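Input: a single structure, listed below in structure tokens.
Protein chains in written order, with this note's numbering: chain A, 1 to 201; chain B, 202 to 475.
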């Protein structure tokens with residue numbers, strides 16, 4: 001924590017190397033946040049890059065508190081912008097396509113050399129199922145559920161990030177969870193055994 | 202029984218511990234009694250659990266920033282060195298210029314380089330005033346003398362007109378006067394010639410040899426003052442200009458060329474890099 005504050009101070013003073021250290025610490029979380037909100041890897045990468053550029057330029061506005069929340073707020077805004085931009089332009093496939101237009105089953109960025117094939121397959125299926133269900137939500141509901149259920153933030157932090165009252169966060173989250181519950185029931189067979197109890201009384 | 206939106210919100214918040222103690226107790230009582238609510242709560246809990254296990258994707262690349270991305274123009278050490286050298290030489294050039302001009306103004310080296318008419322501008326204002334004053338007085342005196350001469354001419358013209366009114370008498374007197382003063386027997390003079398001659402005499406008398414009458418007229422005028430020479434040419438301190446370039450000039454040229462050279466080198470290096 002002390003190290004992070006030190007890096008922030010150096011970055012504010014114009015030390016780009018110090019800010020790059022911060023990026024290396026947060027880039028995975030930020031990219032995942034962007035990917036789950038936008039649902040497209042290329043757009044998520046663009047939004048992530050834009051978010052870090054924006055964060056570097058706005059770093060002087062950071063007034064202490066949770067740096068992660070401050071950063072995720074910038075990422076969320078970058079995602080909204082990127083999402084709207086992509087919506088105006090031709091759609092990009094949810095999963096990467098090969099030269100023949102067929103979906104690539106194992107994109108390079110999902111590969112893990114230490115993972116067993118079954119585990120990898122299971123992880124990929126779960127990831128796809130969740131993403132498909134997330135994509136069916138409006139972006140405002142998607143952002144809330146990603147912040148609270150995937151990133152693990154509390155309601156107050158989420159409310160700050162999306163710049164909305166606590167009541168809005170509660171109602172949007174409840175509605176998003178309900179829709180996701182209904183959606184995920186359709187992918188029950190794809191879910192790991194420990195998570196297949198949805199809908200079973 | 203259908204679950205209301207409000208109940209869904211309460212169930213969701215209850216899962217996250219975001220309900221107040223009183224709201225939580227009331228909801229727990231309802232859940233115990235209502236299997237539908239209990240079932241909904243289990244579903245939400247399971248959904249939350251699935252989302253919590255969402256696999257974290259590997260990043261496709263690093264998102265570290267480069268100076269260009271954030272609009273920082275990176276300059277090489279050589280460019281920075283050139284710029285520093287150019288800046289230092291600029292300061293030196295300014296210093297040398299200040300010294301050079303100081304030396305010129307203190308030493309008065311500008312004097313011989315200026316035409317005489319411009320010398321007035323170089324003199325201090327008070328000195329210029331004192332020099333201009335006698336010249337002004339002289340000019341005024343000259344104007345007065347001219348006015349007197351005009352007055353005498355007009356008087357002579359008046360007399361001539363009187364003579365025309367009595368031609369016989371005037372012709373005789375004229376001849377007598379001429380016979381007495383000049384050697385002009387048998388020569389007839391017109392009235393115009395007489396006037397011209399008279400005025401010439403008048404002018405001569407005021408300039409060269411004033412007779413008694415003229416002297417009385419001119420006694421009222423001030424003697425024509427002569428403008429004093431405040432800065433005689435021989436007294437003006439002048440610095441002789443040595444032919445060729447002075448040390449200061451050479452320094453100024455060298456430093457100027459150096460500044461331009463280093464600035465060009467920095468610009469060229471920067472451009473090649475980009």
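Just so it is clear, CB atoms sit at the ideal spot from N, CA and C, and this is done for glycine as well. If you're wondering where the values come from, they're calculated on a predicted model, not measured in any experiment.
| Asked | Found |
| --- | --- |
| Residue-chain proximity (residue 263 of chain B, chain A), Cβ-Cβ < 8 Å | yes |
| Complete alpha helix (DSSP H) runs within the stretch 101–185 of chain A (minimum length 4 residues, chain order) | 117–135, 139–145, 155–162 and 166–185 |
| Under 8 Å by beta carbon: chain B residues contacting residue 127 of chain A | 255, 256 and 258 |
| Neighbour-count burial assignment, residue 186 of chain A, 16 or more Cβ in a 10 Å radius | exposed |
| Residue interval of the alpha helix (DSSP H) (run including residue 250 of chain B) | 236–253 |
| 8 Å Cβ cutoff met for residue 22 of chain A and residue 270 of chain B | no |
| Inter-stretch contact at 8 Å, needing at least 3 Cβ pairs: the stretch 53–69 of chain A / the stretch 156–163 of chain A | yes |
| Reference residue 289 of chain B, options B/459, B/279 and B/233, closest by Cα | B/459 |
| Neighbour flag for residue 25 of chain A against chain B, beta carbons, 8 Å | no |
| Contact residues within the stretch 268–296 of chain B, judged by C-beta distance below 9 Å to chain A | 268, 270, 271, 272 and 273 |
| C-alpha distance - residue 268 of chain B paired with residue 141 of chain A, whole-angstrom precision | 36 Å |
| Proximity winner among A/173, A/144, A/151 and A/194, relative to residue 253 of chain B (alpha-carbon distances) | A/151 |
| Start-to-end residues for the alpha helix (DSSP H) that takes in residue 217 of chain B | Counting along the chain, residue 217 of chain B falls outside any alpha helix (DSSP H), and DSSP gives it neither H nor E. |
| Beta-carbon gap between residue 45 of chain A and residue 261 of chain B smaller than 8 Å | yes |
| CB of residue 129 of chain A within 8 Å of CB of residue 184 of chain A, strictly | yes |
| Cutoff 8 Å: residue 188 of chain A Cβ touching any chain B Cβ | no |
| Chain-ordered neighbours of residue 45 of chain A on chain B, where CB pairs are closer than 9 Å | 260, 261, 262 and 264 |
| Closer than 7 Å: residue 217 of chain B CB and nearest the ligand PLP heavy atom | No copy of the ligand PLP occurs in the structure displayed, which carries no ligand at all. |
| Continuous alpha helix (DSSP H) stretch holding residue 41 of chain A: start and end | 41–57 |
| Cα-Cα separation between residue 145 of chain A and residue 119 of chain A, rounded to whole angstroms | 25 Å |
| Same chain, Cβ closer than 7 Å to residue 55 of chain A, five either side skipped, listed in chain order | 71 and 74 |
| Whether residue 216 of chain B touches residue 259 of chain B by CB criterion (8 Å) | no |
| Residue 240 of chain B to residue 176 of chain A span [Cα, whole Å] | 17 Å |
| Burial state of residue 307 of chain B, where buried means 16 or more other Cβ atoms lie within 10 Å | exposed |
| Residue range of the alpha helix (DSSP H) that includes residue 269 of chain B | No alpha helix (DSSP H) holds residue 269 of chain B; DSSP gives it neither H nor E. |
| Close-in-space but distant-in-sequence residues of the same chain around residue 148 of chain A (CB under 8 Å, 5 per side omitted) | 154, 155, 158, 169 and 173 |
| Of the listed residues A/164, A/37 and A/6, nearest to residue 20 of chain A (C-alpha basis) | A/6 |
| Boundaries (first-last residue) of the alpha helix (DSSP H) holding residue 26 of chain A | 16–38 |
| Proximity test, Cβ basis, 8 Å: residue 3 of chain A and chain B | no |
| Chain-ordered neighbours of residue 298 of chain B on chain A, where CB pairs are closer than 8 Å | Ordered by position in chain A, no residue passes the 8 Å Cβ test against residue 298 of chain B, which lies about 36 Å from the chain. |
| CB contact below 8 Å: residue 83 of chain A versus chain B | no |
| Contact set for residue 228 of chain B: own chain, Cβ-Cβ below 6 Å, skip 5 residues either direction | 211 and 215 |
| C-beta atoms of residue 263 of chain B and residue 27 of chain A nearer than 8 Å | yes |
| Chain A contacts made by the stretch 232–257 of chain B, where a contact means CB separation under 7 Å | 240, 244, 245, 247, 248, 249, 250, 251, 252, 253, 254, 255, 256 and 257 |
| Below-8 Å beta-carbon distance, residue 209 of chain B vs any chain A residue | yes |
| Residue nearest to residue 131 of chain A in terms of C-alpha spacing, selected from A/182, A/49 and A/35 | A/35 |
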